[in-house]
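S.K.:
Residue numbers (this note's numbering): 11 to 470.
1) In the DSSP output, which residue or residues are listed as bridge partners for residue 16?
2) Cβ of residue 345 within 8 angstroms of Cβ of residue 316?
3) Taking residue 239 as the reference, give the member of 222, 262, 91 and 275 with the closest Cα.
4) Buried or exposed: where does residue 107 fall if 16 or more other Cβ atoms within 10 Å of its Cβ makes it buried?
5) Would a C-beta distance cut-off of 8 angstroms place residue 441 and residue 347 closer than the cut-off?
6) Just to check, is the beta-carbon of residue 340 closer than 7 angstroms to a non-hydrogen atom of the ligand FMN?
7) Taking the alpha carbon of residue 151 as the reference point, which residue from 186, 55, 237 and 165 has its own alpha carbon closest?
8) Under three-state DSSP, which class holds residue 338?
9) Going by the beta-carbon positions, is the gap between residue 253 and residue 433 smaller than 8 angstroms?
10) For residue 114, collect the residues of the same chain with a Cβ closer than 7 angstroms to its Cβ; drop the 5 residues on either side in sequence, then sort them by chain order.
11) Pick from 57, 82 and 59: whose alpha carbon is nearest that of residue 405?
12) Quickly, what does DSSP pair residue 215 with across the bridge? List them, please.
13) With DSSP as the reference, label residue 389 as helix, strand or coil.
14) Taking residue 97 and residue 228 to be in contact with their CB atoms under 8 angstroms, please state how far apart those CB atoms are, rounded to whole angstroms.
15) Quick one: measure Cβ to Cβ for residue 376 and residue 335, integer angstroms, because I've assumed they're closer than 8 angstroms.
16) Going by the CB atoms, is the gap between residue 203 and residue 302 shorter than 8 angstroms?
17) Can you find the residues in the same chain that come closer than 6 angstroms, C-beta to C-beta, to residue 118, ignoring five residues on each side of it along the sequence?
18) Per DSSP, what are the beta-bridge partners of residue 290 in this structure?
19) Check whether the stretch 59 to 70 touches the stretch 407 to 418, counting contact only when three or more Cβ pairs, one atom from each stretch, lie closer than 8 angstroms.
20) For the 8 angstroms Cβ check, are there 3 or more pairs between the stretch 176 to 191 and the stretch 127 to 145?
21) Rounded to whole angstroms, what's the CA-CA distance from residue 272 to residue 337? Just pull it up for me.
22) In whole angstroms, what separates the C-alpha of residue 80 from that of residue 438?
23) With a floor of 3 residues, list each beta strand (DSSP E) that falls wholly inside the stretch 117 to 190, ordered by position along the chain.
24) Am I right that residue 288 and residue 300 are in contact with their C-beta atoms under 8 angstroms? What's the rounded C-beta distance?
25) Just to confirm my understanding: we take residue 235, look at its own chain, exclude 5 residues before and 5 after, and list those with CB closer than 8 angstroms. What are they?
26) Residue 46 to residue 461, Cα distance in whole Å?
27) For residue 387, count neighbouring C-beta atoms within 10 Å of its own C-beta (all shown protein chains included) and say buried if the count is 16 or more, exposed if not.
28) Considering only the beta carbon of each residue, do residue 398 and residue 339 sit closer than 8 angstroms?
29) Can you give me the C-alpha to C-alpha distance between residue 247 and residue 266, rounded to a whole angstrom?
30) In three-state terms, what does DSSP make of residue 260?
31) Report the rounded CA-to-CA distance for residue 277 versus residue 350, giving the unit in angstroms.
32) Whose C-alpha, out of 154, 364 and 384, is nearest the C-alpha of residue 330?
33) Applying the criterion that 16 or more other CB atoms from any shown protein chain within 10 Å of the CB defines a buried residue, is residue 172 buried or exposed?
34) Could you check what DSSP says for residue 414 in three-state terms: helix, strand or coil?
35) Let me know the secondary structure DSSP gives residue 30 once reduced to three states.
36) For residue 166 and residue 103, which I take to be in contact (beta-carbon distance under 8 angstroms), what is that distance rounded to the nearest angstrom?
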């Protein structure tokens, strides 16, 4: 009996080889999710220095602003790169160390802010505050982190499509989300509660574990061979690349609908950055009462939400391999939308917060597995990084607009409970965009089927 084989590009796997490459990619995902949890501490670090909601919103808009310009560059660069390590892994190799440095410097923001204050006030004679110096330092280190992490995020997502066969993408993304949930669970259950008293140690430990995991991916995961990239007309510096980029990425309504779906989905997650203030005692004076949990209690509640979603990820992955991902995505986003509006009325204490958030994350799990598989369906594989970069640019545009807007709204309503309403409205818009995306996809499929069935027209 012939051994079953799985193919993607020029790569061919046996079942054992496929399990091995999936293991290393999922190993990296666990620690990647640990690392991606660290920026959730930044609003707290800023609040500890007395930053307002608007200030937190503006600083949180820095990553999407930078990513808006960097993601298209990273996508096109990795699509066109050819080297002994392939086209994706070199960027993981080069960018991991600067990401780690940025995280470590973020963890040391408090003592370094005090040192900068001492230098500027005592030796330079400037009128500054220690809190102001720390806030500026956090913003600068965040920029360093985001610049290099933009390459990591973009290239890592493209590497998945390059090395995981299409037949098992649904199963892989189910496992990917489940393992990612375990990473988030580990951070929130066992690390988050130490964030205030051991900030530097938290950043340092997670950053080093992340570096180890990604260097293992570079070593153990092999890419296939790629055809040479199309030549750049007129040399390497050709401004015609820019209009070509826009023409290719925005030539079809299908792509534009997908981008707007991402715009609203990413925007809908922004108000949740303030959930820690609604749940804990970190609310501002004059605001409506918060739930009053400690950071440790909040971390435990959030950790449970990832735990209950893991079975959904395991179930949803194989289901997507048999049924269409777009339908599951639409069902998931509709349920998430309904849960946000319910949360506004139902969440009153720790138990109701835990119950609501667990239900919300189960619905979110259905959506997240589905949407991972939608991208390879909708976007062209030969220029996948380029089209992903355009999609991410739309997502980052949403974040740039939403972060300061949400901060401004919360400062005026002075009630963090409106987080649920803001999330619900934006998710409702995402549901509309997802419905339009499905309609456009169905039109494209019908047109392709008609082109295959219809006989060619006679010449002359």
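By construction, the Cβ of each residue, glycine as well, lies at the ideal position given by its N, Cα and C atoms. Bear in mind the structure is a predicted one, so any value in this text is a computation, not a measurement.
M.R.: In terms of the structure at hand:
1) Position 6 of the chain shown, counted from the first residue, corresponds to residue 16. Residue 16 pairs with 23.
2) Along the chain shown, read from residue 1 onward, the residue named residue 345 stands at position 335. Along the chain shown, read from residue 1 onward, the residue named residue 316 stands at position 306. The Cβ atoms of residue 345 and residue 316 do not sit closer than 8 angstroms to each other.
3) Locating residue 239 in the chain shown gives position 229, counting from the first residue. Of 222, 262, 91 and 275, the residue nearest in Cα terms is 91.
4) For this step, residue 107 is matched to residue 97 along the chain shown. Residue 107 should be labelled exposed.
5) Counted from its first residue, the chain shown places residue 441 at position 431. Counted from its first residue, the chain shown places residue 347 at position 337. Going by C-beta atoms, residue 441 is nearer than 8 angstroms to residue 347.
6) Judged by which ligands are present, the structure shown has none, so any question about the ligand FMN falls away.
7) As a first step, residue 151 must be located in the chain shown, where it is residue number 141. Among 186, 55, 237 and 165, the Cα nearest to that of residue 151 is on 55.
8) Along the chain shown, one-based indexing puts residue 338 at 328. Residue 338 falls in the helix class under three-state DSSP.
9) Against the chain shown, residue 253 aligns to sequence position 243. Against the chain shown, residue 433 aligns to sequence position 423. Their beta carbons are not under 8 angstroms apart, which means residue 253 does not touch residue 433 by this criterion.
10) Taking the chain shown and counting its residues from 1, one reaches residue 114 at position 104. Correct list, in chain order: 213, 214 and 217.
11) Mapped onto the chain shown, residue 405 falls at position 395. From the listed residues 57, 82 and 59, the smallest Cα separation to residue 405 is found for 82.
12) Here residue 215 refers to the residue found at position 205 when the chain shown is read from its first residue. Bridge partners of residue 215: none, in fact.
13) The count along the chain shown starts at 1 and reaches residue 389 at position 379. Three-state result, residue 389: coil.
14) Along the chain shown, one-based indexing puts residue 97 at 87. Along the chain shown, one-based indexing puts residue 228 at 218. Wrong, their Cβ atoms sit about 13 angstroms apart, outside the cutoff.
15) Here residue 376 is taken as the residue at index 366 of the chain shown, counted from 1. Here residue 335 is taken as the residue at index 325 of the chain shown, counted from 1. Between residue 376 and residue 335 the beta-carbon gap is near 11 angstroms, outside 8 angstroms, which marks them as no contact.
16) Along the chain shown, read from residue 1 onward, the residue named residue 302 stands at position 292. Along the chain shown, read from residue 1 onward, the residue named residue 203 stands at position 193. Note that the C-beta distance between residue 302 and residue 203 is not below 8 angstroms.
17) Taking the chain shown and counting its residues from 1, one reaches residue 118 at position 108. In chain order, 210 place their CB closer than 6 angstroms to the CB of residue 118, counting only its own chain and leaving out the 5 sequence neighbours on each side.
18) Here residue 290 is taken as the residue at index 280 of the chain shown, counted from 1. In the DSSP assignment, the residues bridged to residue 290 are 303.
19) Because the criterion of three Cβ pairs below 8 angstroms is met, the stretch 59 to 70 and the stretch 407 to 418 touch.
20) Counting Cβ pairs under 8 angstroms, fewer than three are found: no touch.
21) As a first step, residue 272 must be located in the chain shown, where it is residue number 262. As a first step, residue 337 must be located in the chain shown, where it is residue number 327. A direct Cα-Cα distance of roughly 16 angstroms separates residue 272 from residue 337.
22) The sequence position of residue 80 within the chain shown is 70, counting from 1. The sequence position of residue 438 within the chain shown is 428, counting from 1. Between the alpha carbons of residue 80 and residue 438 lies a gap of roughly 29 angstroms.
23) Listed in chain order, there is nothing to give.
24) Here residue 288 refers to the residue found at position 278 when the chain shown is read from its first residue. Here residue 300 refers to the residue found at position 290 when the chain shown is read from its first residue. With 8 angstroms as the limit, residue 288 and residue 300 qualify as a contact, their Cβ atoms being about 6 angstroms apart.
25) Numbered from 1 along the chain shown, position 225 holds the residue referred to as residue 235. Residues 19 and 20 of the same chain have their beta carbon placed closer than 8 angstroms to that of residue 235, with the five preceding and five following residues left out of the count.
26) Residue numbering aside, residue 46 sits at position 36 when the chain shown is read from its first letter. Residue numbering aside, residue 461 sits at position 451 when the chain shown is read from its first letter. In a straight line, the C-alpha of residue 46 is about 45 angstroms away from that of residue 461.
27) Working through the chain shown from its first residue, we reach residue 387 at position 377. Exposed is the call here.
28) Numbered from 1 along the chain shown, position 388 holds the residue referred to as residue 398. Numbered from 1 along the chain shown, position 329 holds the residue referred to as residue 339. No. Outside cutoff.
29) Along the chain shown, read from residue 1 onward, the residue named residue 247 stands at position 237. Along the chain shown, read from residue 1 onward, the residue named residue 266 stands at position 256. Low confidence applies to residue 247: its pLDDT is 48, below 50, so where it sits in the model is not reliable, and the reading given next is rough at best. Their Cα atoms are separated by approximately 28 angstroms.
30) Working through the chain shown from its first residue, we reach residue 260 at position 250. In the structure shown, residue 260 sits in coil (DSSP, three-state: anything other than H, G, I, E or B).
31) As a first step, residue 277 is located in the chain shown; it is residue number 267 there, counting from the start. As a first step, residue 350 is located in the chain shown; it is residue number 340 there, counting from the start. Looking at the two C-alpha atoms, the distance is approximately 14 angstroms.
32) To locate residue 330, count along the chain shown from 1; it is residue 320. For the residues 154, 364 and 384, the minimum Cα distance to residue 330 belongs to 384.
33) Position 162 of the chain shown, counted from the first residue, corresponds to residue 172. Per the 10 Å Cβ criterion, buried.
34) As a working mapping, residue 414 is identified with position 404 in the chain shown. Residue state for residue 414 is assigned as helix, using DSSP reduced to three classes.
35) Within the chain shown, numbered from 1, the residue matching residue 30 stands at position 20. Three-state result, residue 30: helix.
36) If you number the chain shown from 1, residue 166 lands on position 156. If you number the chain shown from 1, residue 103 lands on position 93. Taking the Cβ atoms as the reference, residue 166 lies roughly 12 angstroms from residue 103, outside the contact range of under 8 angstroms.
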